[in-house]
Amino acid sequence: MTSLAGAKDTEMVEKHTGASPDRVIDIEKLSLTFETGDGPVHALSDIDLKIEQGDFVSFIGPSGCGKTTLLRVIADLEKPTAGKITVNGVSPEEARLNRAYGYVFQAAALYSWRTIASNVALPLEIMRLSRSERQERVARNLELVNLSGFEQKYPWQLSGGMQQRASIARALAVEPDLLLMDEPFGALDEIVRDHLNEQLLQLWAKTSKTVAFVTHSIPEAVFLSTKIVVLCPRPGRIYDVIESDLPRERSLDIRETPEFLRIAHRVREGLKAGHSYED
Amino acid sequence: MSTQTVSRSRVDIPALLAWFIVALVVVGLFCPIFRPDFRVMDVPRLSLCLVILAIAAVRYELGFMRNRFGDLMLGVVTAVAAWLLIGTVSNHPGDAALGFWALTVAAWASAWLFVERLASWKSASKTTERLINLVIPALFGLTLLVLWQIIVTGAGIPKVLLPAPSEIWLRLINSVPTLWADFRQTFLKAVLAGYAIGCGSAFLTAILVDRVPFLRRGLLPIGNLVSALPIIGVAPIMVMWFGFDWPSKAAVVIIMTFFPMLVNTVAGLSASDSMQRDLMRTYASGYWQTLVKLRLPMAMPFIFNALKINSTLALIGAIVAEFFGTPTVGMGFRISTEVGRMNVDMVWAEIAVAAVAGSLFYGLVAVIERKVTFWHASVRG
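First to last, the protein sequences are chains A and B.
Here the first sequence is numbered in my numbering, starting from 16 and rising by one per residue.
Here the second sequence is numbered in my numbering, starting from 766 and rising by one per residue.
In structure tokens:
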């Protein structure tokens, strides 16, 4: 196993100079400190993390552990105060300017003066794609999230789950290899959430994208991920990284299997330990 | 306890109104309506009409014609009664007695009753419903005009204090060329030019202020200062700077409209929330793209607020500015000179023109607002 991995590594180094080409995100000793009126807040401290092409990585932890901040650093919405980070081998800012990722926020953040189709087309307009290209991508991605037929509706005419699906279609329309999702289903009820989780997995299997997914739900994290990063607060840091050995093709039934429960247990233990650490 | 309060608060207003009308008509029929001793029986048409009015009013209580046809009949009879009252009183100006006032109140009460009935119509189609929604405020305005006419004539109020609507109307249609010239001078030239330049330049300044934070600290206080200047101090100075003709009035309008537009646009440009701005950032959107695709649409409700406020401010500003020197034309000029000559009906005619023009201008801006900000929670309903 180790030798095999080693052989694979050397082969890659021969082909490409520098870091592994499959490495989408490479974080080394990254820290972020916010200066506030009450003194510095260590949002992230000493983060080391590698995310490979095709991974589905979940960040889980209690609120205030810096999981959203970490995602925002990857997206270049926050600047780290120390350490190194590369996204697709370049700085996050360059990756952002290259439109290397699609970002899905906690709320759908659709513009209410635009129809669903025109909301999905928004990033494409900014990228100055041709009209036919825009129409083609909008149709394809709305179909992907099962929203065909709702093109001419306005966001306020749709349910919360449909709005969030539209916002996922909008992120996918950019056609990024990397999808950053910040608790995208946090505001939805359990049933809609299960359904969207399944759809998201199918989408991921179909497109072989890399996904970084922030959540505070243990079942969601275990169900979706190939890798679970458990964070703990004050200062925000990585407590545990769990490589999931669940098969890539999964259905919701997998949540009843012993393997699933074992991983879920380990995540829960990690969250508990991370908490008691500070008390 | 609570049910008691509910039942007590539920007064049957239509029934109350109906019996009130009957009582007033009885008073009107048996008291002199004009001094010294003129009775309603001396005008058979009017007395007949009033009896029908009273019957039409209480028909719900008496239990017949409880339908829309009856409601419409009440409306028509009320209109005829009002018309006859106006006609009768014009032959006896200033002589109205108790009976006449009772009949006036009866006509007003039956107009109210008619509107009550109209409002309770459960309409079948959307167009009729919309029509009723237009008719009710129109009836309200009409009732006010009729009451104004009857009271001013009946009580013999001097023309200098308050002319009757009929006199104002007569003056209006006999002076159309003068009024049109005034309207063109004040509204079509000074107001529209000043409004467009004032709002337009304030909009551009707002974008500049937003782009350059240093200007926000420098320009906003100056704008605030200018808006605090009293218009009667500024207007003569503008006349000295830009001459007697309309450009000086347009300048006053610019000064009045600039600040509301500036403040509202600046506030509107920061109305987008951080998530929406982050979204644009993840798309590597440039300043102008973010401005056009996110921040200006978000600012539209604010901008239209300013446009609506300014539509009335502009007219006031232009009219007042004309008090401080103008060529011999213009709404403000006409008002100030005709007041001096005691031609109060002409002043009222100008006021009527100004009111209609101002309302239409405001209405036009409001209609455009509904089209542009259809997505906003306050519009989509």
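C-beta: ideal position from N, C-alpha, C; glycine also.
Computed from a prediction, not measured in an experiment: that's the story for all the values here.
Under 7 Å between C-beta atoms of B/Leu1027 and B/Gly988: Their beta carbons are under 7 Å apart, which means B/Leu1027 touches B/Gly988 by this criterion.
When you compare the CB of A/Tyr118 with every CB in chain B, is at least one pair closer than 7 Å? yes
Counting only beta-carbon separations shorter than 7 Å, does B/Met766 have a partner in chain A? In this predicted model, B/Met766 has a pLDDT of only 44, less than 50, meaning its place in the structure is not dependable enough to derive any value.
Cβ distance (whole Å) where A/Leu59 is taken to contact A/Gly251 below 8 Å: The pair is a contact, with the Cβ atoms about 5 Å apart (cut-off 8 Å).
CB contact check: B/Asp836 to chain A, cutoff 7 Å: no
Going straight from the alpha carbon of B/Ser1101 to that of B/Ala955, what length do you get? 17 Å
Buried versus exposed, by CB contacts within 10 Å (16 or more), B/Thr970: With 16 or more other Cβ atoms within 10 Å, it is buried.
Contact under 7 Å by Cβ, A/Tyr118 with B/Thr1047: Contact flag set, yes.
Is there at least one Cβ from chain B nearer than 7 Å to A/Ser145's Cβ? no
Would you say A/Glu191 reaches chain B, if we count a Cβ-Cβ gap shorter than 7 Å as a contact? Here residue 191 of chain A turns out to be Pro, not Glu, going by the sequence shown. No, no contact with chain B.
By how many angstroms is the C-alpha of A/Asp260 removed from the C-alpha of A/Leu19? Reliability of the predicted coordinates at A/Leu19 is poor, the pLDDT of 44 falling under 50, and no value is obtained from them.
Within 10 angstroms of the Cβ of A/Met196, are there 16 or more other Cβ atoms? Answer buried if so, exposed if not. buried
Unbroken stretches of the alpha helix (DSSP H), 4 residues or longer, contained in the stretch 152-235 of chain A: The alpha helix (DSSP H) runs lying completely inside the stretch 152-235 of chain A and spanning 4 residues or more are 175-188, 205-222, given in chain order.
Using a Cβ-Cβ cut-off of less than 9 Å, give me the residues of the stretch 243-269 of chain A that come near chain B, in sequence order. none
May I ask you to list, following chain order, the residues of the stretch 1030-1044 of chain B that have a beta carbon less than 7 Å from some beta carbon of chain A? Met1040, Gln1041, Asp1043, Leu1044
From the DSSP output, read off the bridge partner residues of A/Arg38. BP columns for A/Arg38 point to A/Glu67.
Could you tell me whether any Cβ in chain E is nearer than 7 Å to the Cβ of B/Ala1064? Considering every chain present, this structure includes no chain E. Its protein chains are A and B.
A/Arg143 to B/Asn898, Cα distance in whole Å? 47 Å
Candidates B/Val1132, B/Ala1122, B/Ala1142: which alpha carbon is nearest B/Trp945's? Out of B/Val1132, B/Ala1122, B/Ala1142, B/Ala1122 has the C-alpha closest to the C-alpha of B/Trp945.
If you drop the 5 nearest sequence neighbours on each side, which residues of the same chain put their C-beta closer than 6 Å to that of B/Gly1095? Asp947, Gln950, Thr951, Glu1087
In whole angstroms, what is the alpha-carbon distance linking A/Asp294 and A/Gln68? Here the model assigns A/Asp294 a pLDDT of 44, short of 50, so the residue's position is not dependable and the matter cannot be decided.
Return the bridge partner residues of A/Glu43 from the DSSP annotation. A/Lys99
Who are the neighbours of A/Ala202 on chain B, taking C-beta pairs under 7 Å? Result: empty, since nearest Cβ-Cβ is about 13 Å, beyond 7 Å.
At a CB distance below 7 Å, what residues from the stretch 147-175 of chain A approach chain B? Give them in sequence order. Tyr169, Trp171
Please report how far the alpha carbon of B/Ala1142 lies from the alpha carbon of B/Met1063, in whole angstroms. 12 Å
Residue burial classification, A/Trp219 (beta-carbon count within 10 angstroms, cutoff 16): buried
I'd like to confirm the pairing. Which residues does DSSP put opposite A/Tyr118 in its beta bridges? A/Leu195
B/Arg1106, enclosing alpha helix (DSSP H) - first and last residue: B/Arg1106 -> no alpha helix (DSSP H), and no H or E assigned at all.
Ordered along the chain, which non-local residues of its own chain (more than five positions away) have a Cβ less than 7 Å from that of B/Ser767? Note that B/Ser767 scores a pLDDT of 45, beneath 50, so its modelled location is shaky; the value from the coordinates is reported in the next line. Same-chain partners within the cutoff: there are none.
A/Pro107: contacting residues in chain B (beta-carbon distance under 7 Å): Chain B residues near A/Pro107: none, gap ~11 Å exceeds 7 Å.
Can you check whether the C-beta of A/Pro199 is within less than 7 Å of a C-beta belonging to chain B? no
Can you tell me whether A/Val229 is buried or exposed? The criterion is at least 16 other CB atoms within 10 Å of its CB, across all chains shown. buried
Excluding the 5 residues flanking A/Pro138 on each side, which residues of the same chain have their C-beta closer than 7 Å to its C-beta? Arg185, Ala188, Val189
Leaving out the 5 sequence neighbours to the left and right, which residues in its chain are closer than 6 Å to A/Lys82 when beta-carbon positions are compared? Phe74, Gly76, Val229, Leu246
Under the three-state reduction of DSSP, which class applies to A/Glu148: helix, strand or coil? helix
Under a CB-based cut-off of 7 Å, is B/Thr1047 close to chain A? Output row for B/Thr1047: interface = yes.
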